[in-house]
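Asks: All residue numbers for the sequence shown refer to our numbering, where the first residue is 22 and numbers rise by one.
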Amino acid sequence: MPDERQVIAPRHATVGEGSVERYLPAAPHRMIGPWCFLDLFGRLPGPSTGVGPHPHIGIQTVTWLFNGASTHRDSVGSDVTILPGGLSLMTAGAGIAHAEEPPPGEGRGPFGAQLWIALPDDARDASPAYGLFSDLPVGADPGATLVVFAGQVMGLQAPRRFSSPIVGAEIRIRENRGTELELEPEFEHGVLLATGSGELDGLRLHAGDFVRLGRGERSIRLSATESTRWMLVGGVPFAEDILMWWNFVARDQDEIAAARDDWVAGRRFGTVARSSYAPIPAPDLPSAHLKARPSSAGDST
Ligand code: MN
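As structure tokens, this is what we get:
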């Protein structure tokens, strides 16, 4: 029997000048497979959530847009415009810095999700890298469209390789239609309803609702009472204990402190050219020992 399904309410966090809905980390399960962070930005009214240069270690980030555009710049020299339907995949590994902002004329900025993938121990010291990929498999039936950006869904295999078993996809369902998705029972999953309203196996959901599914689930049926866009993420439960603080994912407090020191001193992370925002200063480390719990993630960006 699978674990009970859990509806996760987002916390409201500030990124840039705007407000985001933060679904991960969440209690009591901090992660879903290797996915350790999930923000939805631009859904609620408010100013742009663009952010100036800031560092990351120990993760890959996925930026996935539903609407609008976002300029991504980083310390490995990328300067690209992210658009809906493309996978923005940044490998922080041992250390990268990046900035995100709406392109000129884009108004208050895009609507989309940013997610972090914790890298396993044998991959987390990788060299930083960035890629923007539009060669994603798309499947369609009369009521639904499926775009797979990580792993495999319904026989559609995303082309990028990841460091642990994983899935990530967007599903669009037209009004009064539905679709059945097969799930990998060894995975735990999260299903986010980004826009519209509908049902997950009869559970009524509204835009901004997120449901966690434990291992052992073999399929779900998603349906739309009005046109919907969903995001599916999942993976094998992450086997290592991670420590998250600010924008760093590590294994112990010394690694976090060293990364913070390097950002403050201008080492390790390189520089982000052409950002219109100032670099983000590191917050103070708490004097108490960091604990592996959601609140220690602080004001992650
Ligand atoms: Mn970031």
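Note that beta-carbon positions come from the ideal geometry of N, C-alpha and C, so glycine has one too. Small disclaimer: the values here were computed from a predicted structure and weren't measured.
Which word fits Asp162, buried or exposed, when buried means at least 16 other C-beta atoms lie within 10 angstroms of its C-beta?
Replies: So Asp162 counts as exposed.
Asks: Nearest by alpha-carbon distance to Glu209: which of Leu167, Pro76, Arg233 is it?
Replies: The shortest Cα separation from Glu209 among Leu167, Pro76, Arg233 belongs to Arg233.
Asks: Buried or exposed: where does Thr82 fall if 16 or more other Cβ atoms within 10 Å of its Cβ makes it buried?
Replies: It counts as buried.
Asks: Tell me the residue span of the beta strand (DSSP E) that contains Ala280.
Replies: From DSSP, Ala280 is part of no beta strand (DSSP E) but of the alpha helix (DSSP H) over 274-286.
Asks: Roughly how many whole angstroms lie between the Cα atoms of Phe242 and Gly189?
Replies: Note on residue identity: the sequence assigns Arg, not Phe, to residue 242. Going by the C-alpha atoms only, they are around 17 angstroms apart.
Asks: Inspect the beta-carbon positions of Gly164 and Arg289 and report whether they are closer than 7 angstroms.
Replies: Result no, Cβ atoms of Gly164 and Arg289 do not sit closer than 7 angstroms.
Asks: By how many angstroms is the C-alpha of Tyr44 removed from the C-alpha of Leu61?
Replies: In a straight line, the C-alpha of Leu61 is about 8 angstroms away from that of Tyr44.
Asks: Beta-carbon within less than 8 angstroms of Ala318's beta-carbon, same chain only, minus the 5 sequence neighbours each way: which residues are those?
Replies: Confidence is the limiting factor: at Ala318 the pLDDT is only 48, short of 50, which leaves the residue's position unreliable, though a coordinate-based value still follows. Answer for Ala318: Pro46, Phe58, Met265, Trp266, Trp267, listed in chain order.
Asks: Tell me the residue span of the beta strand (DSSP E) that contains Trp267.
Replies: Taken as a continuous stretch (DSSP letters only), Trp267 belongs to no beta strand (DSSP E), as it is neither H nor E.
Asks: To the nearest whole angstrom, what separates the beta carbons of Ser240 and Leu204, a pair I think is in contact under 8 angstroms?
Replies: That belief holds up - the Cβ atoms of Ser240 and Leu204 are roughly 6 angstroms apart, short of 8 angstroms.
Asks: DSSP state of Leu333, grouped into three classes?
Replies: Absent from the model: residue 333. The displayed extent of the chain is 22 to 322, so no value can be given.
Asks: When DSSP labels each residue in this structure, what does Leu177 get in the three-state scheme?
Replies: Reduced to three states, the DSSP call for Leu177 is strand.
Asks: Ser109 bridges to which residues according to DSSP?
Replies: Beta-bridge pairing links Ser109 to Thr84, Leu153.
Asks: Check for me: the beta strand (DSSP E) holding Phe58 runs from which residue to which?
Replies: Looking at the DSSP string, the run of the beta strand (DSSP E) that includes Phe58 is 56-62.
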